[in-house]
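Data block below; observations after.
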Amino acid sequence: MYRIANIVLFVLAIFVVMGCSCSKTQCERNIQDDILNIDKFRKQSKKEYRYIEEDAERLFANSAAVYPDTLYRQQYTSLQGYFYGETGFDLYCIWYAQFNANNRKHYRCERKTLNKIFYCVNDMLRCIAGGGTGFTHETYRIPAYTEHYIYKYQNMEAHKQCQDNDISQTISNLWQIMATYNNEDMPFEILAYKMKYIYENVEYIKSLLTAEIYNYCLQEYMCRLINENVSEQEQLSL
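All letters in the sequence shown, in the order written, are residues 160 to 397 by my numbering.
Here is the structure:
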């Protein structure tokens, strides 16, 4: 862990001295690819499963108040077969998000910003971890978590600015989470290359934290990542 921290600090110091511009265009291009893949998966499911829209309406009425993972466990025994398994949960989350987004269209701006933030976080973790199917699954599930957070914080003042020190603390916590996903045996050259990409994404996320609601939601999302990572480590140790 100390080796990782020292390398991270060293690479960041290089960026500070030499400069590193935020590749906003690349970040947004990656996000757009994720959105297109999700839309393609949803449309494909409508073709394959004739009654999936009616099923979603039954399952997700007033559902945003319940965390997607929790609701899935509660409804598990009453679900159709296409909602089972990892891919099934992806599909479940896509329709959870679609149904709730249609019911609360006036949160379009908040929805778009939160999805961008979470997609960036997932992409950074994928990068530092060296890939994995879990990050692909997470891409499909992010919109559902976004809808739940929007519902949870809907009474928060939408345009209340986030304080700089709060943003700094959140970003610091994000760096700590990324360190837990890193392979300690990764060659320095590869880590340095990845750190540049990650640094650009972090700067992009900071540019999106324009209101308190986004910072609160990002903190919630990071808590979920921490809890899942701890749970996975405990299972591996059994």
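Just so you know, even glycine gets a beta-carbon here, dropped at the ideal spot from N, CA and C. Note that the coordinates shown come from a computational prediction; the quantities given were computed from them, not determined experimentally.
Of Tyr235, Lys275, Arg267, Tyr231, the smallest CA-CA separation from Cys252 is found for Tyr231. For Val361, the secondary structure class from DSSP, reduced to helix, strand or coil, is helix.
His265 and Asn386 have their C-alpha atoms spaced approximately 31 Å apart.
For Ser327, the enclosing alpha helix (DSSP H) stretches over residues 323-339. The alpha carbon of Glu212 has as its nearest neighbour, out of Phe242, Ala223, Asp228, the alpha carbon of Phe242. Spanning the alpha carbons of Thr292 and Asp228 requires a straight line of approximately 18 Å.
Close CB contacts of Phe258 within its chain, under the 6 Å cut and outside five residues either way in sequence, are with Ala215, Phe219 (chain order). Here the C-alpha atom of Ile326 lies approximately 7 Å from the C-alpha atom of Asn374. Note on the stretch 190-244: whole alpha helix (DSSP H) runs with a minimum of 4 residues are 211-218, 227-234, in chain order. When Cβ pairs closer than 8 Å are counted between the two stretches, the stretch 186-201 is seen not to touch the stretch 232-239, the count staying below three. In this model, Met315 and Leu238 are separated by some 34 Å (Cα to Cα). In the DSSP assignment, Asp344 falls outside any alpha helix (DSSP H) and carries neither an H nor an E. One Cα belongs to Leu273, the other to Ile336, and the distance between them is close to 19 Å.
When secondary structure is reduced to three states using DSSP, Ala317 falls in the coil class, being assigned neither helix nor strand. Just measuring C-alpha positions, the residue of Ile276, Ser204, Met345 sitting nearest Leu368 is Ile276.
Ranked by Cα distance from Asp249, the first of Arg263, Arg201, Tyr278 is Arg201. Taken through DSSP and simplified to helix, strand or coil, Leu368 comes out as coil.
Rounded to whole angstroms, the gap between the alpha carbons of Met283 and Asn341 is 11 Å.
Taking C-beta atoms under 8 Å as the contact rule, Ala303 and Ala256 qualify, at a distance of about 5 Å. Considering only Asn324, Glu269, Asp344, the residue with the shortest C-alpha distance to Ile372 is Glu269. Cys279 and Tyr356 have their C-alpha atoms some 11 Å from each other. Per DSSP, reduced to three states, the secondary structure at Tyr312 is coil, with no helix or strand assignment. Spatial neighbours of Met381 in its own chain (CB-CB distance under 8 Å, excluding positions within 5 residues in sequence) are listed in chain order as Val280, Thr329, Asn332, Leu333, Ile336.
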